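**Student:** In this note's numbering, the protein residues as written are 49 to 504.
My structure is below; once you've seen it, I'll send some questions.
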């Protein structure tokens, strides 16, 4: 019940204004960099700026995936440029403490960035169910060992199951609203040299209680436009998302028969340069083009193998089908990405939203533009000669008298000479020069205990 406090602490009259008391919470340490939150603003604990852009998809019942294009100053590079993420849920092995060993000692990290912990039984041992061949109403071709997991820090009471059969493994993610997600049944990121070393499980299908499905498909990196001197095929890029299935099903399509293209009323396609970015004619459903290679390709080795990114997302194309003639997809809207690209990085510069009416007319919203502050180089790389700096043989930079700045110590014609440091602030507040050479009365030696000081 609400807590009421007196308005005047010296009286017995009680106020009717309720005071809400925030329950105590424990601090958490995420295994991923803090992601961008709702809206924009700084992440105070890390000093990072974040920004979110919700991507509205064509409405189709209640199964449309919730996608957000998020920016974080600490996110690094990716398929949407430096700092930007169009992140889909994944489960991966933890790399914060080192390269995974790909054994039972590895820790898994859930979609929210929190480590997953296995469920323990009454005897204190990990709960394991062996010989399982049925999964959400479907019969699997292999016999699996199932281990239940939960998040180390409970926020939404999601449950997880790790299904493993030899080198084959996938995850089930149960949300409290009844939605079940399958991750990594066929879409995985693994070591090309050891396919059993699975580093990341990608979301593949979401099953809703009413029989709705969302199907995620990916495309593997190939050698188009890049050197084939080494294996770079570990990377996976989102290719399309199908939702609003015509036929309801209470089981996962992945475990049986996946509907063909005409079995979905809505499809979101990712374009990596295969299609022209012109307004007219509208981008086509099918394309024979080759995806383009970005000038700032980069690699990630955190999993113990190379995960190289050669592509940039250029367009998001939302297609729809009329239930009366589902075989003919129609482009509904397009979100195009523009970049300022160079061999040193690609920065998202503009987002442009377009919608196509049934008669082919185009509705174009003003572009959303992004600019970034630049960092002035600390050192331009050019040689800067020191004033009054001779080049005697055997010179050393030594703080002979413990002044806090080293002077120039050298030997010449049998004598030890020292040029003491001097401040020269006329041209530069931090300018330093050296005084006239002074002969030392005796040869210097290192001070007791080491360090940069000498004594004579």
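Beta carbons: idealized from backbone N, C-alpha and C, even for Gly.
All values derive from a computational prediction rather than experimental measurement.
According to the neighbour-count rule (16 or more other Cβ atoms, all chains shown, within 10 Å of its Cβ), is residue 173 buried or exposed?
**Tutor:** Exposed.
**Student:** Indicate the three-state DSSP secondary structure (helix, strand or coil) for residue 252 in the structure shown.
**Tutor:** Three-state DSSP puts residue 252 in a strand.
**Student:** What is the rounded straight-line gap between the Cα of residue 295 and the Cα of residue 388?
**Tutor:** About 44 Å.
**Student:** Which of the three DSSP states, helix, strand or coil, is assigned to residue 364?
**Tutor:** Note: residue 364 maps to strand in three-state DSSP.
**Student:** Sorted by chain position, which residues of the same chain lie with C-beta nearer than 6 Å to residue 71's C-beta, five sequence neighbours on each side aside?
**Tutor:** With a pLDDT of only 47 at residue 71, under 50, the local geometry of the prediction cannot be trusted, and no value is derived from it.
**Student:** Going along the chain, which residues of its own chain have a beta-carbon closer than 8 Å to the beta-carbon of residue 234, five neighbours each way excluded?
**Tutor:** Closer than 8 Å at Cβ, skipping near neighbours: 252, 302.
**Student:** My output table needs one value for residue 353: the three-state DSSP class, helix, strand or coil.
**Tutor:** Coil, per DSSP.
**Student:** Under 9 Å between the Cβ atoms of residue 300 and residue 255?
**Tutor:** Result yes, Cβ atoms of residue 300 and residue 255 sit closer than 9 Å.
**Student:** Answer yes or no: do residue 229 and residue 163 have a C-beta to C-beta separation smaller than 9 Å?
**Tutor:** Contact flag unset, no.
**Student:** Just confirm the distance between the C-beta atoms of residue 105 and residue 112, as a whole number of angstroms; I'd bet it's less than 8 Å.
**Tutor:** Their Cβ separation, rounded to whole angstroms, is 5 Å, which keeps residue 105 and residue 112 in contact under 8 Å.
**Student:** Strictly by DSSP, which residues pair up with residue 142?
**Tutor:** In the DSSP output, where bridge partners are listed per residue, residue 142 has none listed.
**Student:** Give a yes or no on whether the C-beta atoms belonging to residue 110 and residue 258 are separated by under 9 Å.
**Tutor:** Cβ distance < 9 Å, so residue 110 and residue 258 count as in contact.
**Student:** Classify residue 70 as helix, strand or coil using the three-state DSSP reduction.
**Tutor:** Residue placement at residue 70 is poorly supported in this model, since its pLDDT is 48, which falls under 50; the coordinates still yield a value, given next. If DSSP states are grouped into helix, strand and coil, residue 70 belongs with coil.
**Student:** Just curious, the beta strand (DSSP E) that residue 165 is in, first and last residue?
**Tutor:** It spans 164-166 - the beta strand (DSSP E) in which residue 165 sits, taken as one unbroken run.
**Student:** Between which two residues does the beta strand (DSSP E) containing residue 341 stretch?
**Tutor:** Run containing residue 341: none; DSSP gives neither H nor E here.
**Student:** What is the DSSP secondary structure of residue 303, reduced to helix, strand or coil?
**Tutor:** Helix at residue 303.
**Student:** Taking C-alpha atoms, which residue in 404, 237, 492, 369 lies nearest to residue 312?
**Tutor:** Here the closest residue by C-alpha is 369.
**Student:** For residue 309, which option in 291, 323, 320, 325 has the closest C-alpha, if you only look at C-alpha atoms?
**Tutor:** Checking every option, the nearest Cα to that of residue 309 belongs to 291.
**Student:** Whose C-alpha, out of 412, 392, 395, 394, is nearest the C-alpha of residue 401?
**Tutor:** When only C-alpha atoms are compared, the closest one is 412.
**Student:** Taking the straight line between their C-alpha atoms, what separation do you get for residue 186 and residue 180?
**Tutor:** Distance between the alpha carbons of residue 186 and residue 180: 11 Å.
**Student:** Tell me which same chain residues have a C-beta within less than 8 Å of the C-beta of residue 468, skipping the five on either side of it?
**Tutor:** Only 448, 449, 451, 455, 482, 483, 486 meet the Cβ criterion.
**Student:** In the structure shown, what three-state DSSP assignment does residue 311 receive?
**Tutor:** Reduced to three states, the DSSP call for residue 311 is helix.
**Student:** Whose C-beta lies closer than 8 Å to the C-beta of residue 198 among residues of the same chain, with five residues either side of it excluded?
**Tutor:** Answer for residue 198: 164, 165, 167, 206, 207, 208, listed in chain order.
**Student:** Specify the secondary structure class of residue 136 as computed by DSSP and reduced to three states.
**Tutor:** Correct three-state label for residue 136: coil.
**Student:** Three Cβ pairs or more, each shorter than 8 Å: is that satisfied between the stretch 237-244 and the stretch 275-291?
**Tutor:** As far as the Cβ criterion goes, the stretch 237-244 touches the stretch 275-291, which means the pair count is three or higher.
**Student:** Excluding the 5 residues flanking residue 333 on each side, which residues of the same chain have their C-beta closer than 7 Å to its C-beta?
**Tutor:** 367, 377, listed in sequence order.
**Student:** Can you tell me which of the three DSSP states residue 486 falls into?
**Tutor:** Here residue 486 sits in strand by DSSP.
**Student:** DSSP three-state call for residue 184: helix, strand or coil?
**Tutor:** Reduced to three states, the DSSP call for residue 184 is coil.
**Student:** What three-state label does DSSP hand residue 451 in the structure shown?
**Tutor:** Correct three-state label for residue 451: coil.
**Student:** Roughly how far, in whole angstroms, is the beta-carbon of residue 384 from the beta-carbon of residue 362, given that I think they are within contact range, below 8 Å?
**Tutor:** Between residue 362 and residue 384 the Cβ distance is about 7 Å, and since that is below 8 Å, they are a contact.
**Student:** Are the CB atoms of residue 386 and residue 396 within a distance shorter than 9 Å?
**Tutor:** Taking 9 Å as the Cβ cut-off, residue 396 and residue 386 qualify as a contacting pair.
**Student:** To which residues of the same chain is residue 190 closer than 6 Å at the C-beta, ignoring the five residues directly before and after it?
**Tutor:** The residues are 213.
**Student:** CB-CB under 6 Å to residue 57, same chain, minus the five flanking residues each way: which ones, in chain order?
**Tutor:** In this prediction, residue 57 has a pLDDT of 32, which is less than 50 and means its spatial position is unreliable; what the coordinates show is noted afterwards. Nothing listed; no residue qualifies.
**Student:** Ordered along the chain, which non-local residues of its own chain (more than five positions away) have a Cβ less than 8 Å from that of residue 306?
**Tutor:** So the list reads 263, once near-sequence residues are dropped.
**Student:** Where are the beta strand (DSSP E) runs, 3 residues long or more, that stay fully inside the stretch 226-270, in chain order?
**Tutor:** You should have 228-239, 242-255, 261-268.
**Student:** Using a Cβ-Cβ distance cut-off of 9 Å, determine whether residue 423 contacts chain D.
**Tutor:** As a matter of chain content, chain D is missing from the structure shown, which is built from one protein chain.
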